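Here is the structure we will look at.
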Amino acid sequence: MCDHLLLLHPSQSALIKNKQPGMSVGCLVERINAEALIDGVNHIVNADDPKKELNKFALALENSIPNRSSSKHLNGRDLGRMEPSASLRYQKAA
Numbered sequence: 140m141c142d143h144l145l146l147l148h149p150s151q152s153a154l155i156k157n158k159q160p161g162m163s164v165g166c167l168v169e170r171i172n173a174e175a176l177i178d179g180v181n182h183i184v185n186a187d188d189p190k191k192e193l194n195k196f197a198l199a200l201e202n203s204i205p206n207r208s209s210s211k212h213l214n215g216r217d218l219g220r221m222e223p224s225a226s227l228r229y230q231k232a233a
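Numbering (this note's numbering), first residue to last: 140 to 233.
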């Protein structure tokens with residue numbers, strides 16, 4: 140559903156209207172993220188109290204990014220025994 144809504148993005152609509160190939164979903168998402176960041180920085184710079192606005196922005200950004208555990212990095216897995224094998228003990232002694 141989200142992919143279909145990206146067809147309505149002004150950049151994508153302009154490309155489609157001019158019979159040009161559309162941008163990929165990843166490219167559009169990156170563009171939207173960049174636009175949001177620029178808008179946020181613009182809001183901070185033009186605020187009456189930029190330092191306070193920057194702190195609010197930083198807190199909102201920290202709260203919006205989820206903490207995801209990576210199974211690729213053996214997170215939450217039983218690693219079994221952690222002692223060196225007999226061959227490693229032999230090499231270390233030599």
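Each residue gets a CB set at the ideal place from its N, CA and C atoms; glycine is no exception. Note that this is a predicted model, so its numbers are computed, not measured.
Secondary structure at I171: helix, using DSSP grouped into helix, strand and coil. In the structure shown, Q159 adopts coil according to DSSP, grouped into three states. According to the DSSP assignment, R220 belongs to no alpha helix (DSSP H), since it is labelled neither H nor E. One alpha carbon belongs to R220, the other to C166, and they sit about 45 Å apart. Contact annotation: L176 and G161 have beta-carbon atoms that are not nearer than 9 Å. H143 sits in a helix when the DSSP states are folded into three classes.
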